[in-house]
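Using our numbering, the letters of the sequence shown correspond one by one to residues 5 to 358.
Quick reminder that beta carbons are idealized off the backbone N, C-alpha and C, glycines included.
Just below is one structure, and these are the notes that go with it.
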Amino acid sequence: MPDSRARRRVQEGSPPAPRTDRAPFILSIRPGSYTSPPVTTLALAAVEDAAARIASRVHVTPLLSNRSISERTGSAVRLKCENLQRAGAFKIRGALNALLLLREEDRSRGVVAFSSGNHAQGVALAARMLGIPATIIMPERAVAAKVEATRAYGAAVVQSGVNEKNRHEVAARIAAESGAIIIPPFDHDDIIAGAGTVGLEILSQWPEVEAIVVPLGGGGLLSGVALAATSINPKVRVYGVEPAAGDDGRQSFRAGSIVRIDPPATIADGARTLSLGERTFAIIRERVTDIVTVGDDELLAELRYTMSRTKLVIEPTGCLAVAALLQRSLDLAGQKVVAVISGGNLDFDLLSER
5 MPDSRARRRV QEGSPPAPRT DRAPFILSIR PGSYTSPPVT TLALAAVEDA AARIASRVHV
65 TPLLSNRSIS ERTGSAVRLK CENLQRAGAF KIRGALNALL LLREEDRSRG VVAFSSGNHA
125 QGVALAARML GIPATIIMPE RAVAAKVEAT RAYGAAVVQS GVNEKNRHEV AARIAAESGA
185 IIIPPFDHDD IIAGAGTVGL EILSQWPEVE AIVVPLGGGG LLSGVALAAT SINPKVRVYG
245 VEPAAGDDGR QSFRAGSIVR IDPPATIADG ARTLSLGERT FAIIRERVTD IVTVGDDELL
305 AELRYTMSRT KLVIEPTGCL AVAALLQRSL DLAGQKVVAV ISGGNLDFDL LSER
């Protein structure tokens, strides 16, 4: 099996040292504009390398079965619990992979990231592990608990005047002034490869899996999982799930080109992205079977149900895949299905709002 390479590397020694032949990890970005990198040629080997690189610093999260969810969906469902990952979400995987690949001279310049929450925490924690100064740009309406956690990891947080539309511009300005390296939330090969280690683990933990359902925001997790899973077993079908108010991914998938939307009003704060990235979309278009949506009312109801049945803490974005199965937005009855729970950084006040 291809995924055995990564396991052998971890068993045989420590993660590889940072490469010194790489160009600085930075986007072609200037104040007032944001240009995505060229379309990716990312391959499974990059995901396997990422798995070996980050292995000593992240958790192999459990794949848990649940009778109640399986009975309601008519499928054999297992939950990939990235809510139990360090920093409470899968984002640490890509952030750590990216920072480990920075050259020493670039690390000394510090890093800048823009995020609504989980990428912020992932970069902040990864930077603390490696002794790299970090500045995180977060929207003013970001979940307070995620902002507090980001600061607790030692990062400087900038929020004044920041929203989902201009956060990358603020990051670009700070990077231009300070010389810091921008660590994007999803549209970079190193980020996608790190996220893809989730798919690598799923296929290792349950080789018989037939379908994998993944929450979708900017597409880093969905593209990474799809790349890893379908490279190992081309018969595996991978699906993305978005909040109905933020269905840019579904629109893009149907149209065959990237569709950009206004900032969506949704409780799934990790999916308030305005569009997919060029790299994530290229992989999604090639390797994902379909993208569906779940409304906020249904998402909140299924979040409460899932937390009560699993005894796990899950955030709304993290519950999108499970909600789609419970709502029968996808008909996968009789199949072996993994639903990825992408994060558990829940704003508990949300549970009493509706």
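Per DSSP, reduced to three states, the secondary structure at Tyr309 is helical.
In the DSSP annotation of this structure, the continuous segment of the beta strand (DSSP E) that includes Glu246 starts and ends at Arg241 to Pro247. By alpha-carbon distance to Gln125, the top candidate from Asn349, Leu355 and Leu354 is Asn349. In this structure, the alpha-carbon of Ile136 lies about 15 Å from that of Ala156.
About 5 Å separates the Cβ atoms of Leu220 and Glu246, confirming a contact at the 8 Å cut-off.
It is roughly 25 Å from the alpha-carbon of Ala179 to the alpha-carbon of Asp273. Residue nearest to Asp351 within the set Gly92, Gly228 and Ser235 is Gly92 (criterion: CA-CA distance). Taking a C-beta distance under 8 Å as the contact criterion, Ala327 and Val296 do not qualify as a contact pair. Taking a 10 Å sphere around the C-beta of Glu290, we find fewer than 16 other C-beta atoms and assign the residue as exposed. In the assembly as shown, Val43 is an exposed residue. Its beta-carbon has fewer than 16 other beta-carbons within 10 Å. Residue state for Arg258 is assigned as helix, using DSSP reduced to three classes. Taking C-beta atoms as the reference points, Val240 and Ala199 fail to come closer than 8 Å. As the crow flies, the alpha-carbon of Ala184 is around 16 Å from that of Gly158.
Put simply, the backbone Cα of Ser112 is about 35 Å away from that of Ile262. The alpha-carbon of Leu336 is positioned some 17 Å away from that of Trp210. In this chain, the beta strand (DSSP E) harbouring Ser69 covers Leu67 to Ser69. Straight-line spacing of the CA atoms in Pro268 and Val127 works out to 24 Å. In the DSSP assignment, Cys323 forms no beta bridge with any residue. With fewer than 16 other beta carbons inside 10 angstroms of its own, Glu152 counts as exposed. Spanning the alpha carbons of Ile265 and Phe285 requires a straight line of approximately 15 Å. Just so you know, the alpha carbons of Ala249 and Gln255 end up roughly 12 Å apart. When only Cα atoms are considered, Ser227 and Val202 end up about 11 Å apart. In the DSSP assignment, Asp194 falls within the alpha helix (DSSP H) that extends over Asp193 to Gln209. Proximity of the stretch 70-89 to the stretch 106-122 falls short of the contact definition, fewer than three beta-carbon pairs being nearer than 8 Å. Taken atom to atom, the span from the alpha-carbon of Thr310 to that of Asp191 is near 30 Å.
Linking Pro320 to Val344 through their CA atoms gives a straight-line distance of about 12 Å.
Each residue's CA atom was taken as its position, placing Asp300 and Val292 some 23 Å apart. Thr297 has Glu246 as its beta-bridge partners, per DSSP.
Taking the Cα of Leu48 as reference, the smallest distance to any Cα among Ile196, Gly253, Ile187 and Gly281 is reached at Ile196. Assignment of Gly347 by DSSP, reduced to helix, strand and coil, places it in the strand class. Distances from the alpha-carbon of Ile141 to those of Asn170, Ala131 and Ala130 put Asn170 closest. The beta carbons of Thr154 and Val161 sit closer together than 8 Å.
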